[in-house]
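Scroll down for the structure; my scribbles are underneath it.
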Amino acid sequence: MAEDYCEHCDLPLSTCVHGNPPAPEPVKAPPKASPVTRKRVASPRAAKESTATVRTAPRRRTDKAEFKPVIVQVLQEHGGEREADLVLAELEERLADVLKPGDHETGPTGEVRWRTAARWARKELADDGLLLAPQPGVWALTDEGMTSL
């Protein structure tokens, strides 16, 4: 069988773009409906001031501010200086009723959360000038800390 060849590109008409019929016109999709936009009218409720009280979630852990006066009190009772571990042990005894369940969880550092909060409270007391750290592992009050409370 003799195949016919295209006179433009010398390819068989079965593979030549010139010998194939033109592609059909693409079917146009119907236009999409435009989204309906509605104007928002301020409701009369929104115009009034809210009289509802805002509830806050109960705290899971004791605030570090609650540790500060107890730390100062413990150090004052022991002459203004005490080993950190002994201070923390006494804090645990005195704050047993105050500490919340979340305080007894282990934090990302591996330390119990209430101990971390107590250390932050110690740092804030040092920033306030009430406490200093003369040597590692010992918490000591300044003269101002001895007379506070």
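All residue numbers in the sequence shown are consecutive under our numbering, ending with 1400.
Quick reminder that beta carbons are idealized off the backbone N, C-alpha and C, glycines included.
Near residue i, which residues of its chain fall below 8 angstroms by C-beta distance, leaving aside the five closest residues on each side in sequence?
{"i": "Lys1319", "result": "Ala1372, Glu1375, Leu1376"}
{"i": "Cys1257", "result": "Pro1263, Leu1264, Cys1267, His1269, Gly1270"}
Taking DSSP's pairing of strands, which residues face residue i in a bridge?
{"i": "Glu1332", "result": "Ala1391"}
{"i": "Pro1352", "result": "BP columns for Pro1352 are empty, so no partner."}
{"i": "Thr1357", "result": "Val1363"}
{"i": "Pro1263", "result": "Tyr1256"}
{"i": "Leu1383", "result": "Ala1391"}
Determine the contact status of residue i and residue j, defining contact as a CB-CB distance below 8 angstroms.
{"i": "Arg1312", "j": "Ala1368", "result": "yes"}
{"i": "Val1323", "j": "Gly1396", "result": "yes"}
{"i": "His1355", "j": "Val1363", "result": "yes"}
{"i": "Glu1332", "j": "Val1389", "result": "yes"}
{"i": "Val1321", "j": "Leu1337", "result": "no"}
{"i": "Lys1351", "j": "Arg1310", "result": "yes"}
Using the C-alpha atoms, what's the distance from residue j back to residue i?
{"i": "Thr1393", "j": "Leu1381", "result": "5 angstroms"}
{"i": "Leu1264", "j": "Pro1277", "result": "24 angstroms"}
{"i": "Pro1387", "j": "Glu1334", "result": "9 angstroms"}
{"i": "Gly1330", "j": "Asp1378", "result": "21 angstroms"}
{"i": "Pro1286", "j": "Val1268", "result": "43 angstroms"}
{"i": "Thr1357", "j": "Arg1370", "result": "15 angstroms"}
{"i": "Leu1383", "j": "Trp1365", "result": "21 angstroms"}
{"i": "Asp1261", "j": "Ala1274", "result": "21 angstroms"}
{"i": "Pro1359", "j": "Gly1353", "result": "13 angstroms"}
Whose C-beta lies closer than 7 angstroms to the C-beta of residue i among residues of the same chain, with five residues either side of it excluded?
{"i": "Met1252", "result": "Legend: pLDDT at Met1252 = 48, less than 50; position of this residue unreliable, no value from coordinates given."}
{"i": "Gly1361", "result": "none"}
{"i": "Ser1399", "result": "Val1323, Leu1381"}
{"i": "His1259", "result": "His1269"}
Leaving out the 5 sequence neighbours to the left and right, which residues in its chain are closer than 6 angstroms to residue i when beta-carbon positions are compared?
{"i": "Val1305", "result": "none"}
- Message: Count Cβ pairs between the stretch 1269-1285 and the stretch 1336-1352 that sit closer than 8 angstroms; are there 3 or more?
- Response: no
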